[in-house]
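K.L.:
Chains as they are written, first to last, in the working numbering: chain A, 15 to 437; chain B, 82 to 658. Below is a structure I'd like to ask you about.
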Amino acid sequence: MSEIKTYDVIVLGAGPAGLAAGYAAKQAGADVLIVEREDRAGGILKQCIHDGFGIIRFKQKLTGPEYAERYIKMVNELSIPMLMSTFVLGIQKNNELFELQLVNKKNGVFALRARALVLANGCRERTSKQVFIHGSRPAGIYTAGTAQYFVNIMGMLPCKECVILGSGDIGLIMARRLTLEGSKVLGVYEAKSTPSGLARNIVQCLEDYNIPLYLSHTITRIIGSGRVEAVEISKVDESMKPISGTEQVVKCDGVILSVGLVPENEIAESLDIKLDPNTKGPLVDQNFMTTMEGVFSCGNALHVNDLVDYVSESGELAGLQASRYARNSHNRNLIEIKSNNRDFLYVVPQYIDTSSDNKSAVIYYRSRDVKQNVKVIIRCGYNIVYQNKHSVIRPPEMEKAELDLSNISINQDCKLEIIMTEG
Amino acid sequence: MSKQLKKIEAELRKNISNSIECREWRNSIVLEGKVESWDTVTAAGKKAANRGYKGVVNKLTVKGLEIPQINSPSFTDTTLQGKKVDVLVIGGGIIGCSIARELSKWDISVLLVEKEEDLAMHASSRNDGMIHPGIEPKPGSKKAYFNIKGNEMYTKIAQELDVPMRRSGSLVVYDSYWVKFIYPYLKIRGNKNGIKDFRLLSRAEAKAREQWISDSVSGGILFNTTAVLSPYKLTIAYAENAMMNGAEISLNTIVLGMKKHKNDITSVLTNRGEIFPRIVINAAGVYSDKIAEMAEDNFFTIHPRKGQVLLLDKKKGSMLTSVIGKLSITNVKGTTKGGGIVRTIEDNILVGPDSYEQPYREDYSTSRENIENLMKKHFEILPILKPSDVITYFAGIRAATYEEDFIIEASEYVPNLIHAAGIQSPGLASAPAIAEEIERLTCKVLSQYKQINKKQSWNPIRKGIPELHKMTPEERNKYIKQRPDYGVIVCRCEEISKGEIIDAIKSPIPCVTIDGIKRRVRAGLGRCQGGFCLPNVVKLIQNEAGIKAIEITKKGNASNLLTGETKTDSIAKEVKK
Ligand SMILES: Cc1cc2nc3c(=O)[nH]c(=O)nc-3n(C[C@H](O)[C@H](O)[C@H](O)COP(=O)(O)OP(=O)(O)OC[C@H]3O[C@@H](n4cnc5c(N)ncnc54)[C@H](O)[C@@H]3O)c2cc1C
Ligand SMILES: Cc1cc2nc3c(=O)[nH]c(=O)nc-3n(C[C@H](O)[C@H](O)[C@H](O)COP(=O)(O)OP(=O)(O)OC[C@H]3O[C@@H](n4cnc5c(N)ncnc54)[C@H](O)[C@@H]3O)c2cc1C
Numbered sequence: 015m016s017e018i019k020t021y022d023v024i025v026l027g028a029g030p031a032g033l034a035a036g037y038a039a040k041q042a043g044a045d046v047l048i049v050e051r052e053d054r055a056g057g058i059l060k061q062c063i064h065d066g067f068g069i070i071r072f073k074q075k076l077t078g079p080e081y082a083e084r085y086i087k088m089v090n091e092l093s094i095p096m097l098m099s100t101f102v103l104g105i106q107k108n109n110e111l112f113e114l115q116l117v118n119k120k121n122g123v124f125a126l127r128a129r130a131l132v133l134a135n136g137c138r139e140r141t142s143k144q145v146f147i148h149g150s151r152p153a154g155i156y157t158a159g160t161a162q163y164f165v166n167i168m169g170m171l172p173c174k175e176c177v178i179l180g181s182g183d184i185g186l187i188m189a190r191r192l193t194l195e196g197s198k199v200l201g202v203y204e205a206k207s208t209p210s211g212l213a214r215n216i217v218q219c220l221e222d223y224n225i226p227l228y229l230s231h232t233i234t235r236i237i238g239s240g241r242v243e244a245v246e247i248s249k250v251d252e253s254m255k256p257i258s259g260t261e262q263v264v265k266c267d268g269v270i271l272s273v274g275l276v277p278e279n280e281i282a283e284s285l286d287i288k289l290d291p292n293t294k295g296p297l298v299d300q301n302f303m304t305t306m307e308g309v310f311s312c313g314n315a316l317h318v319n320d321l322v323d324y325v326s327e328s329g330e331l332a333g334l335q336a337s338r339y340a341r342n343s344h345n346r347n348l349i350e351i352k353s354n355n356r357d358f359l360y361v362v363p364q365y366i367d368t369s370s371d372n373k374s375a376v377i378y379y380r381s382r383d384v385k386q387n388v389k390v391i392i393r394c395g396y397n398i399v400y401q402n403k404h405s406v407i408r409p410p411e412m413e414k415a416e417l418d419l420s421n422i423s424i425n426q427d428c429k430l431e432i433i434m435t436e437g
Numbered sequence: 082m083s084k085q086l087k088k089i090e091a092e093l094r095k096n097i098s099n100s101i102e103c104r105e106w107r108n109s110i111v112l113e114g115k116v117e118s119w120d121t122v123t124a125a126g127k128k129a130a131n132r133g134y135k136g137v138v139n140k141l142t143v144k145g146l147e148i149p150q151i152n153s154p155s156f157t158d159t160t161l162q163g164k165k166v167d168v169l170v171i172g173g174g175i176i177g178c179s180i181a182r183e184l185s186k187w188d189i190s191v192l193l194v195e196k197e198e199d200l201a202m203h204a205s206s207r208n209d210g211m212i213h214p215g216i217e218p219k220p221g222s223k224k225a226y227f228n229i230k231g232n233e234m235y236t237k238i239a240q241e242l243d244v245p246m247r248r249s250g251s252l253v254v255y256d257s258y259w260v261k262f263i264y265p266y267l268k269i270r271g272n273k274n275g276i277k278d279f280r281l282l283s284r285a286e287a288k289a290r291e292q293w294i295s296d297s298v299s300g301g302i303l304f305n306t307t308a309v310l311s312p313y314k315l316t317i318a319y320a321e322n323a324m325m326n327g328a329e330i331s332l333n334t335i336v337l338g339m340k341k342h343k344n345d346i347t348s349v350l351t352n353r354g355e356i357f358p359r360i361v362i363n364a365a366g367v368y369s370d371k372i373a374e375m376a377e378d379n380f381f382t383i384h385p386r387k388g389q390v391l392l393l394d395k396k397k398g399s400m401l402t403s404v405i406g407k408l409s410i411t412n413v414k415g416t417t418k419g420g421g422i423v424r425t426i427e428d429n430i431l432v433g434p435d436s437y438e439q440p441y442r443e444d445y446s447t448s449r450e451n452i453e454n455l456m457k458k459h460f461e462i463l464p465i466l467k468p469s470d471v472i473t474y475f476a477g478i479r480a481a482t483y484e485e486d487f488i489i490e491a492s493e494y495v496p497n498l499i500h501a502a503g504i505q506s507p508g509l510a511s512a513p514a515i516a517e518e519i520e521r522l523t524c525k526v527l528s529q530y531k532q533i534n535k536k537q538s539w540n541p542i543r544k545g546i547p548e549l550h551k552m553t554p555e556e557r558n559k560y561i562k563q564r565p566d567y568g569v570i571v572c573r574c575e576e577i578s579k580g581e582i583i584d585a586i587k588s589p590i591p592c593v594t595i596d597g598i599k600r601r602v603r604a605g606l607g608r609c610q611g612g613f614c615l616p617n618v619v620k621l622i623q624n625e626a627g628i629k630a631i632e633i634t635k636k637g638n639a640s641n642l643l644t645g646e647t648k649t650d651s652i653a654k655e656v657k658k
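Given below as structure tokens:
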């Protein structure tokens, strides 16, 4: 067997997060490899042919593939090697080095080593079973991303007349896409009393096409033997339990689900990296290093982003920090950032490493509920480091706070704390 | 009217419904009339069972209840018109397929017909995959005999057919101290049934074996012979081995009727033509009573008993070594099965089944209430299990007769008919033994018509599709070198390669449905439930089997995945070029 090659940084995933991470790590001087299990780079963007990507980053409205193309070009210009159609079978840490076992067509099962790892695996869609939909099992039930692949990549329609369950962004975008392609979308049903998707998507994808949105409604039963023939819809109460007596049968031949995304962290879990139950991504410090030294996380694997621009941003930070770590690791001193589940869906990062030279931190947060006139404050003891007034704050829209930590002394007795108050 | 019959009728009228009428037919008891509910129908059947008659023929109907027709293939043709065979096996579940395989040892012609697009689409793919130790069936019952014998035979069968199996053992736990005193009773029963390897475990021993079980457990009984395997892989393996040895299999073929001369069946009518068999074997699962009826030998009635089952993520699989059941007073009696927690051969966790009567034979819908109850009941025993671990759930239907025992016999009235009917749980565990018994009965009947000999060339060994993710790196490399497609992962959750999926598409019984591929190689059975790999599997079927995407189905019969092409020129159209 030939010698096992060692890289400074191996990035897993060539979506926007992984591409940005690879690019940043290489720019910082690291010897980098990007590994992707699909045959093309670009991640989920490959199938997002609508525009709206890159408004912050490139000050332009690009389509998903165009946005991905820009990063692929940047990566190619730095001659960063990419191993495509290559699947990670397992990872072990041996004496400060990560040993990866991979498989592909050309090399069979083979090994590589890295000083640092960036996990940029993206996310997957929650399925009908994970939201406990019942009834029979006909064909015609797809997650929005799968439907998107059929339509945009294969040029095939998954249904003629469908309902959409859940008001996540992909579902909204698919409502418009299917309508444009000649399918009829009878309505979008959302169990919560507020939509999950971005406000702009509600307007541009539903209202502009006269597609009704039914809040506080869900599918309680699927009917059909071969294909879907109908669904039973019910109203739900505040705790999202169906109200009996409100059932109504809607005839359709398809159900598209947009009921949430789950970060993919099977690799992180296999390394015993601790996950945040709120984000379902790893717990990280301001450098996006996970609870395992040398393993970084970014993009949708870290937490589900609503804008690709933030994904690239997180990739760049993780890539840069991974490259620094590979050269020169230090002993971390992690102090948790205090937050509460009552006001926040989640806060990322969850820790500050006070011994890192990186004294700037970006804190991403999402409100748990739609609220008006609130103030978000980040403080360290009595010292207020950040405050922002929101005339309205909504769960679908991620907010971010940029902090300069150089003059703040954070320690076990004085932790950073993020709070939400009225006013 | 005999005295006994009168007595039963009076009882049924008094306690169940006064519109019930009873009569005797051959040696069975027939119930007739119109009643208020399905529960009344089954209650009456159960009351009339095991009262000295051969069987209960329950013809009670429910006012206003419409029971749908059997699901049938949507076409007819003449492929089988005029076909003559020695043995016709009806039903492509584990029972029919294992019978076909055992019969393929003989130099006779065997044809198996199955109404669905694939094998194992009913009970044989909708169960727990557990090879029971044989404690539940009553001593002296057919269930007990075939279960114990089948369990023993599995070591050899699984090896011959290349179907992975694990003798994981099962632990029946109890939380109440006094249950311990039932052990001597169970021991007698176990010994009577002939179970070889079981013993009482103390609380500490139980905990040592299964560290995650609830603290409320105060002990358990360990059955070492319990095993797990994939029931649909096994069914397909049996069928493939039968085919290798000359048996024929015709899918999408439904038996619709029979013609008789005197008592003999002369021909069997199907949607693909009239078949002329010497012997007919009834292995039609929940429809086995309907097949018997076609031959005018319906001395029993199936009452479909449904069960729902949860499937949990592999991540929790490693927290369990055996099958865990819970002993309660009801299942000590041995009629109802409490269900359990099973670490499957693929390391997922199965929870269930539950068990309830309902009138529909093919309605596999699931319901919130049942699924929630399963979680409530079983997660208590293994508190690390959480609703968020659930990746899917499904239902199965048991072909229960009112006598609650298997029917494995040559018909008393139709000389060329043999029944393997009413095969409810533990039907999978018993299958190898049932198949051998049916083989014996068939040879006995057939030898009255012609002389039969063993085939010299019979080969009991069948090779399955390689499972690359279970191999050592060296072994895996060998396969990839030979076929690079084994190195391309398509299903990321279950780590299934393109090569394995192509093997399934091109397997001896070709498979071009999404569900069929799932059953053969597990692509799409993992935590994303095919979200990512489904379009790729569609493309593979398109390329390898030459079927247009629009014609590809989930499970045959009008379950097409796609409805048309897009109209605009999206990148898709470019990609297509
Ligand atoms: C349908 C949809 C519509 C969207 N619309 C917009 C929009 O209009 N505007 C906007 O700004 N944002 C939008 N977004 C958000 C944004 O595009 C995504 O958040 C972003 O693509 C996520 O990037 P990522 O790199 O984290 O994940 P992904 O794009 O999912 O990339 C992850 C990559 O990693 C690979 N991978 C995973 N695991 C492994 C492994 N073990 N080994 C090797 N490779 C691996 C995957 O194959 C994949 O290629 C949308 C997102 C979706 C899903
Ligand atoms: C929820 C559940 C859990 C179970 N768990 C276990 C377990 O752990 N262990 C165990 O040992 N047993 C278990 N069982 C029982 C086991 O699944 C069955 O005993 C076994 O699968 C029966 O096999 P079969 O071939 O008789 O029936 P089936 O698999 O139902 O096959 C009968 C076939 O006949 C076909 N057919 C019917 N009518 C016609 C017709 N007119 N023409 C052509 N074809 C026809 C059907 O399409 C069907 O494919 C369980 C059952 C259920 C429901």
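Glycine included, each C-beta is placed from N, C-alpha and C at the ideal position. Fair warning: this is a prediction, and the values are worked out from it, not measured in the lab.
In whole angstroms, what separates the C-alpha of Leu-171 of chain A from that of Val-165 of chain A?
P.N.:
Looking at the two C-alpha atoms, the distance is approximately 6 Å.
K.L.:
For the alpha helix (DSSP H) holding Val-602 of chain B, just list the boundary residues, first then last.
P.N.:
Taken as a continuous stretch (DSSP letters only), the alpha helix (DSSP H) holding Val-602 of chain B covers 595-602.
K.L.:
Using three-state DSSP, classify Gly-104 of chain A as helix, strand or coil.
P.N.:
The answer is strand: DSSP assigns Gly-104 of chain A an E or B state.
K.L.:
Counting only Cβ-Cβ distances shorter than 7 Å, please list the residues of the region 89-103 of chain A near chain B, keeping chain order.
P.N.:
Within the region 89-103 of chain A, the residues whose Cβ lies closer than 7 Å to some Cβ of chain B are Ser-99, Phe-101, listed in chain order.
K.L.:
Have a look at Lys-654 of chain B and Glu-80 of chain A and give me their C-alpha separation to the nearest angstrom.
P.N.:
With a pLDDT of 47 at Lys-654 of chain B, under the threshold of 50, the modelled position of that residue is not reliable, and the figure given next carries that caveat. About 17 Å.
K.L.:
Using only the heavy atoms of ligand 2, determine whether one of them is closer than 7 Å to the beta carbon of Leu-131 of chain A.
P.N.:
The answer is no for Leu-131 of chain A.
K.L.:
Is Lys-648 of chain B close to chain A? Criterion is C-beta to C-beta, closer than 8 Å.
P.N.:
Yes, because at least one Cβ of chain A sits closer than 8 Å to the Cβ of Lys-648 of chain B.
K.L.:
In the DSSP assignment, find the unbroken alpha helix (DSSP H) run with Gln-292 of chain B in it and report its ends.
P.N.:
Premise fails: Gln-292 of chain B is in no alpha helix (DSSP H) and is neither H nor E.
K.L.:
Please list, in chain order, the chain A residues whose beta carbon lies closer than 9 Å to that of Asn-638 of chain B.
P.N.:
Result: Ser-239, Gly-240.
K.L.:
Note down, in chain order, each residue of its chain lying with its Cβ closer than 6 Å to the Cβ of Val-263 of chain A, except the 5 sequence neighbours on either side.
P.N.:
These residues qualify, in order along the chain: Ala-244, Glu-246.
K.L.:
Going along chain C in order, which residues have a C-beta closer than 7 Å to the C-beta of Arg-449 of chain B?
P.N.:
Looking for chain C here will not work: the only protein chains present are A and B.
K.L.:
Could you give the distance in angstroms between the alpha-carbon of Asn-624 of chain B and the alpha-carbon of Cys-614 of chain B?
P.N.:
In a straight line, the C-alpha of Asn-624 of chain B is about 15 Å away from that of Cys-614 of chain B.
K.L.:
Please determine whether the Cβ atom of Ala-376 of chain B lies at a distance below 7 Å from any heavy atom of ligand 2.
P.N.:
No, the beta carbon of Ala-376 of chain B sits no closer than 7 Å to any heavy atom of ligand 2.
K.L.:
Take Val-361 of chain A and list the residues in its own chain whose beta-carbon comes closer than 6 Å to its own, dropping the five residues that flank it on each side.
P.N.:
Ser-353, Tyr-379, Ile-432, listed in sequence order.
K.L.:
To which residues does DSSP link Trp-187 of chain B through a beta bridge?
P.N.:
Answer is B:Lys-535.
K.L.:
Measuring from the CB of Thr-334 of chain B, is there a heavy atom of ligand 2 at a distance below 7 Å?
P.N.:
Yes, the beta carbon of Thr-334 of chain B sits closer than 7 Å to at least one heavy atom of ligand 2.
K.L.:
In whole angstroms, give me the CA-to-CA distance for Leu-93 of chain B and Gly-145 of chain B.
P.N.:
Approximately 22 Å, taken between the alpha carbons.
K.L.:
Is the beta carbon of Glu-278 of chain A sitting closer than 8 Å to the one on Ala-332 of chain A?
P.N.:
Going by C-beta atoms, Glu-278 of chain A is not nearer than 8 Å to Ala-332 of chain A.
K.L.:
Which residues does DSSP pair with Ile-178 of chain A in a beta bridge?
P.N.:
Ile-178 of chain A is bridged to A:Val-202, A:Ile-270.
K.L.:
Considering Met-324 of chain B, what are the terminal residues of the beta strand (DSSP E) in which it resides?
P.N.:
Where Met-324 of chain B is concerned, there is no enclosing beta strand (DSSP E), although the alpha helix (DSSP H) it sits in stretches over 312-325.
K.L.:
Below 8 Å between beta carbons: does that hold for Val-194 of chain B and Leu-184 of chain B?
P.N.:
No, Cβ-Cβ distance for Val-194 of chain B and Leu-184 of chain B is not below 8 Å.
K.L.:
Suppose contacts are defined by Cβ-Cβ distances below 8 Å. Is Gly-136 of chain A in contact with Ile-94 of chain A by that definition?
P.N.:
Contact flag unset, no.
K.L.:
Would Pro-296 of chain A pass as a contact of Ala-282 of chain A if the rule is Cβ separation under 8 Å?
P.N.:
Yes, these two residues count as a Cβ contact at 8 Å.
K.L.:
Compute the minimum distance between the beta carbon of Ser-506 of chain B and the heavy atoms of ligand 2, and state whether it is under 7 Å.
P.N.:
Under cutoff, so the answer is yes.
K.L.:
Please identify the residue among A:Tyr-339, A:Ser-239, A:Asp-53 whose C-alpha is closest to the C-alpha of Gln-150 of chain B.
P.N.:
Cα-wise, what sits closest to Gln-150 of chain B is A:Ser-239.
K.L.:
Given that Thr-260 of chain A touches chain B, what residues does it touch there, using C-beta distances under 8 Å?
P.N.:
Simply none; closest approach about 15 Å.
K.L.:
Helix, strand or coil: how does DSSP classify Val-322 of chain A here?
P.N.:
Residue state, collapsed to three classes: helix.
K.L.:
Going by alpha carbons, who is nearest to Ala-189 of chain A out of A:Ala-161, A:Asn-90, A:Met-168?
P.N.:
Nearest of A:Ala-161, A:Asn-90, A:Met-168 to Ala-189 of chain A, Cα basis: A:Ala-161.
K.L.:
With DSSP collapsed to three states, give me the class of Asp-222 of chain A.
P.N.:
In the structure shown, Asp-222 of chain A sits in a helix (DSSP, three-state: H, G or I).
K.L.:
Using a cut-off of 8 Å between C-beta atoms, extract the partners of Glu-139 of chain A located in chain B.
P.N.:
By Cβ distance, chain B contributes Cys-609, Gly-612.
K.L.:
Between A:Ile-391, A:Ser-369, A:Ile-407, A:Thr-304, which lies nearest to Ala-415 of chain A when the distance is taken from Cα to Cα?
P.N.:
Cα-wise, what sits closest to Ala-415 of chain A is A:Ile-391.
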